[in-house]
Amino acid sequence: MAVIELYNHPVLLRYRASICTKGTIFIIIVFLLTIIPPFFLAYRSEGFWIREAFYREQPDVHFKHQILLVLYLNEGNSYIAWSTYPNFNLIEQNHLTIPVVKTREEDINRDGRNDKLYFSVEVPIPDSKNVQSVDMILVFDYRLYRFSTFHMESLAYIHHTSFASGAQFIAEGDLKLHLKQPLAHKGTDSRYNVPVVDSDSVFAADYTFSTIFNNYISRNATTSFVCDYPIWKTGRGAGQPFVIQGSVGYTEELIMYVPGFWQTIKMGWIQYLAVLIIFIFIMEKVKKFVFENQIITTIIERPIPTKNHVM
Amino acid sequence: MMAVTSLIPARFLCMISHLIIAITLLWSRDGNVKSCLPEDYTDAQYRSVDTGLLIGLILVIVFLAIEIIGFISGVSMFIHLAGLISTGAHASGSIALSYFLFEEWPCYTFWWIFSFCSVVPALIEVVLLIGIAGLKKVK
Numbered sequence: 422m423a424v425i426e427l428y429n430h431p432v433l434l435r436y437r438a439s440i441c442t443k444g445t446i447f448i449i450i451v452f453l454l455t456i457i458p459p460f461f462l463a464y465r466s467e468g469f470w471i472r473e474a475f476y477r478e479q480p481d482v483h484f485k486h487q488i489l490l491v492l493y494l495n496e497g498n499s500y501i502a503w504s505t506y507p508n509f510n511l512i513e514q515n516h517l518t519i520p521v522v523k524t525r526e527e528d529i530n531r532d533g534r535n536d537k538l539y540f541s542v543e544v545p546i547p548d549s550k551n552v553q554s555v556d557m558i559l560v561f562d563y564r565l566y567r568f569s570t571f572h573m574e575s576l577a578y579i580h581h582t583s584f585a586s587g588a589q590f591i592a593e594g595d596l597k598l599h600l601k602q603p604l605a606h607k608g609t610d611s612r613y614n615v616p617v618v619d620s621d622s623v624f625a626a627d628y629t630f631s632t633i634f635n636n637y638i639s640r641n642a643t644t645s646f647v648c649d650y651p652i653w654k655t656g657r658g659a660g661q662p663f664v665i666q667g668s669v670g671y672t673e674e675l676i677m678y679v680p681g682f683w684q685t686i687k688m689g690w691i692q693y694l695a696v697l698i699i700f701i702f703i704m705e706k707v708k709k710f711v712f713e714n715q716i717i718t719t720i721i722e723r724p725i726p727t728k729n730h731v732m
Numbered sequence: 007m008m009a010v011t012s013l014i015p016a017r018f019l020c021m022i023s024h025l026i027i028a029i030t031l032l033w034s035r036d037g038n039v040k041s042c043l044p045e046d047y048t049d050a051q052y053r054s055v056d057t058g059l060l061i062g063l064i065l066v067i068v069f070l071a072i073e074i075i076g077f078i079s080g081v082s083m084f085i086h087l088a089g090l091i092s093t094g095a096h097a098s099g100s101i102a103l104s105y106f107l108f109e110e111w112p113c114y115t116f117w118w119i120f121s122f123c124s125v126v127p128a129l130i131e132v133v134l135l136i137g138i139a140g141l142k143k144v145k
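Which chain is which? The protein sequence lines are R and A, in order. Just so we're on the same page, this note's numbering is the position in the first sequence counted from 1, plus 421. Just so we're on the same page, this note's numbering is the position in the second sequence counted from 1, plus 6.
Structure (structure tokens):
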């Protein structure tokens with residue numbers, strides 16, 4: 422009659438040696454060779470400590486109803502300027518023309534965050550003059566919440582120059598975030614929640630585009646208006662205003678941030694552990710081989726034999 | 007005994023693989039030499055670094071030759087602890103040297119690999135050779 426296996430259990434052999442023996446030194450070396458090389462292997466293959474990571478978020482953007490507008494005309498150095506800043510308007514009294522401004526922000530997908538700003542600026546221009554270039558700044562309040570609470574005042578620069586005298590300028594584009602350094606993963610970041618245009622200033626120099634942009638681009642986080650398809654329409658009818666219209670989309674942004682301590686440790690640990698398991702497996706085989714064959718002499722302690730079974 | 011049937015071929019294979027990697031490095035050491043030279047190196051600089059690495063590689067082969075002689079002649083073939091250290095050293099040495107070759111590590115790392123994976127087993131071998139062949143120590 423065939424014999425079948427009913428049950429089995431492993432037998433534990435103990436290999437003993439005192440502290441200052443080859444066996445102990447061997448075990449210490451094998452232990453170090455098990456835990457240290459996986460770290461170097463994981464570290465040398467790059468990406469062990471993650472230094473930056475990405476997330477997507479739609480910013481919470483609000484148009485601050487601040488505009489600075491300059492239109493250059495075709496005769497000499499003449500221009501038309503208007504802004505929502507009283508001091509600027511006072512300085513530019515001689516060139517001031519009050520436009521009709523219509524803006525509205527729309528939350529298209531009803532997720533509680535604005536998706537688009539529609540704007541339309543109608544500037545009355547005498548029929549004798551023609552517009553050849555548009556420079557306009559729109560100011561936004563820009564917030565991100567997901568990791569660090571980020572809050573800044575940013576701008577969109579809408580501009581176009583044409584040799585042909587224009588009747589209408591249509592700019593449909595998006596507000597894009599530019600980060601020179603990654604954001605933090607926690608805390609509140611309102612370093613750049615400072616006015617883009619210093620509206621308290623009474624000096625004309627503070628309202629020039631060069632000063633505004635010079636201060637603005639020195640920030641680590643900025644936004645820009647990206648419009649790849651500007652349309653410049655010519656042929657303004659008699660008595661018609663020059664119209665600037667378009668939209669600024671607040672699109673979802675891919676934001677780089679510095680991961681926190683636990684995220685870094687977690688990713689490092691995953692990589693280390695993956696290599697460590699292979700090393701543990703190999704080193705167990707080595708140890709078993711060495712001790713089973715008594716390449717290093719140790720005292721073998723066998724399990725105590727039972728009374729009716731002699732080992 | 008399992009020690010004889012596994013450890014001896016394992017040691018032989020590890021030594022041979024170390025030898026093959028060293029010989030391969032002899033032929034294509036250009037990348038390693040360049041990786042520890044400044045961008046605007048001169049021919050003299052290149053030659054001095056290249057000669058250093060060449061000497062190191064020749065030493066690796068010489069030390070391996072000593073060990074293989076000791077091993078094949080039977081001096082250290084049945085001394086299992088020496089065999090174990092030699093197997094470990096040459097196994098890690100061939101892995102480290104292949105990294106050195108493929109990842110174009112700068113040439114100073116070679117001397118670390120050299121000291122731990124070639125000098126240590128060769129020293130043990132020389133001590134055994136002197137002990138057994140020179141001093142007629144009967145084991």
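Here a beta-carbon is modelled for each residue, glycine too, at the ideal position from N, C-alpha and C.
Legend entry - Residues, ordered as in the chain, of the segment 698-723 of chain R that lie near chain A by beta-carbon distance below 9 angstroms: Those would be 707, 710, 711, 713, 714, 715, 716, 717, in chain order.
Inset, instruction - Specify the secondary structure class of residue 567 of chain R as computed by DSSP and reduced to three states. - result: Three-state result, residue 567 of chain R: coil.
Inset, instruction - Check whether the Cβ of residue 13 of chain A lies closer than 8 angstroms to any Cβ atom in chain R. - result: At least one chain R Cβ lies under 8 angstroms of residue 13 of chain A.
Inset, instruction - Confirm, please, whether the CB-CB distance from residue 676 of chain R to residue 476 of chain R is below 8 angstroms. - result: In this structure, residue 676 of chain R lies closer than 8 angstroms to residue 476 of chain R by Cβ.
Inset, instruction - Check the Cβ-Cβ distances between residue 87 of chain A and every residue of chain R, and say whether any is below 8 angstroms. - result: So yes, residue 87 of chain A belongs to the interface.
Legend entry - Minimum length 3: unbroken beta strand (DSSP E) runs contained in the segment 612-662 of chain R: Counting whole runs of 3 or more residues, the segment 612-662 of chain R contains the beta strand (DSSP E) stretches 642-647, 652-655.
Legend entry - First through last residue of the beta strand (DSSP E) which encompasses residue 475 of chain R: Element bounds for residue 475 of chain R: 474-478.
Inset, instruction - Just the chain A side, please: which residues come within less than 7 angstroms of residue 443 of chain R by C-beta, in chain order? - result: Within chain A, the residues near residue 443 of chain R are 87.
Legend entry - Min CB distance residue 141 of chain A to chain D below 8 angstroms: The chain labelled as chain D is not found among the protein chains of the depicted structure, namely R and A.
Legend entry - CB contact below 8 angstroms: residue 3 of chain A versus chain R: Since the first residue of chain A shown is 7 and the last is 145, residue 3 of chain A is not available in this structure.
Inset, instruction - For residue 103 of chain A, decide whether its Cβ has a neighbour in chain R, counting only Cβ atoms nearer than 8 angstroms. - result: Taking a beta-carbon distance threshold of 8 angstroms, residue 103 of chain A does not count as an interface residue toward chain R.
Inset, instruction - Pair every Cβ in the segment 114-127 of chain A with every Cβ in the segment 62-81 of chain A, then say whether three or more of these pairs are closer than 8 angstroms. - result: The segment 114-127 of chain A, when compared against the segment 62-81 of chain A, does touch it at the 8 angstroms Cβ threshold.
Inset, instruction - Hey, could you find the ends of the beta strand (DSSP E) residue 540 of chain R is sitting in? - result: Where residue 540 of chain R is concerned, the enclosing beta strand (DSSP E) stretches over 537-544.
Inset, instruction - Spell out whether any CB of chain R is found under 8 angstroms from the CB atom of residue 90 of chain A. - result: Judged by the 8 angstroms Cβ criterion, residue 90 of chain A is in contact with chain R.
Inset, instruction - Report buried or exposed for residue 441 of chain R, applying the criterion of at least 16 other Cβ atoms within 10 angstroms of its Cβ. - result: Under this definition residue 441 of chain R is an exposed residue.
Inset, instruction - Sort out for me which residues DSSP pairs residue 597 of chain R with in a bridge. - result: Residue 597 of chain R pairs with R:645.
Inset, instruction - Could you work out which residue in R:547, R:474, R:668 is closest to residue 539 of chain R when comparing CA atoms only? - result: Distance from the Cα of residue 539 of chain R is smallest, within the candidate group R:547, R:474, R:668, for R:668.
Inset, instruction - Evaluate residue 447 of chain R with the Cβ neighbour count: other Cβ atoms within 10 Å of its Cβ, from every protein chain shown; 16 or more gives buried, anything less gives exposed. - result: The residue in question, residue 447 of chain R, is buried, as its Cβ has 16 or more Cβ neighbours within 10 Å.
Inset, instruction - Taking only the alpha-carbon atoms, compute the straight-line gap between residue 36 of chain A and residue 46 of chain A and give it to the nearest angstrom. - result: Taking the straight line joining both Cα atoms gives about 15 angstroms.
Legend entry - Closest Cα partner of residue 131 of chain A within the set A:11, A:84, A:110: Nearest option by C-alpha distance: A:84.
Inset, instruction - Could you check which residue in R:535, R:547, R:557 has the C-alpha nearest to that of residue 522 of chain R? - result: Cα-wise, what sits closest to residue 522 of chain R is R:557.
Inset, instruction - Would you identify the three-state DSSP class for residue 548 of chain R, choosing helix, strand or coil? - result: Correct three-state label for residue 548 of chain R: coil.
Inset, instruction - Measure how close the beta-carbons of residue 13 of chain A and residue 86 of chain A come, nearest whole angstrom, since I'm counting them as under 8 angstroms. - result: Right, the Cβ-Cβ distance comes to about 6 angstroms (below 8 angstroms), so this counts as a contact.
Legend entry - Burial state of residue 467 of chain R (16 or more Cβ within 10 Å): Exposed, since its Cβ has fewer than 16 Cβ neighbours within 10 Å.
Inset, instruction - State the start and end residues of the unbroken alpha helix (DSSP H) segment that holds residue 481 of chain R. - result: Residue 481 of chain R -> not in any alpha helix (DSSP H); beta strand (DSSP E) instead, spanning 481-494.
Inset, instruction - Spell out the partners DSSP gives residue 590 of chain R in its beta bridges. - result: Here residue 590 of chain R is bridged, per DSSP, to R:653, R:665.
Legend entry - Burial state of residue 535 of chain R (16 or more Cβ within 10 Å): Its Cβ being crowded by 16 or more others within 10 Å, residue 535 of chain R is buried.
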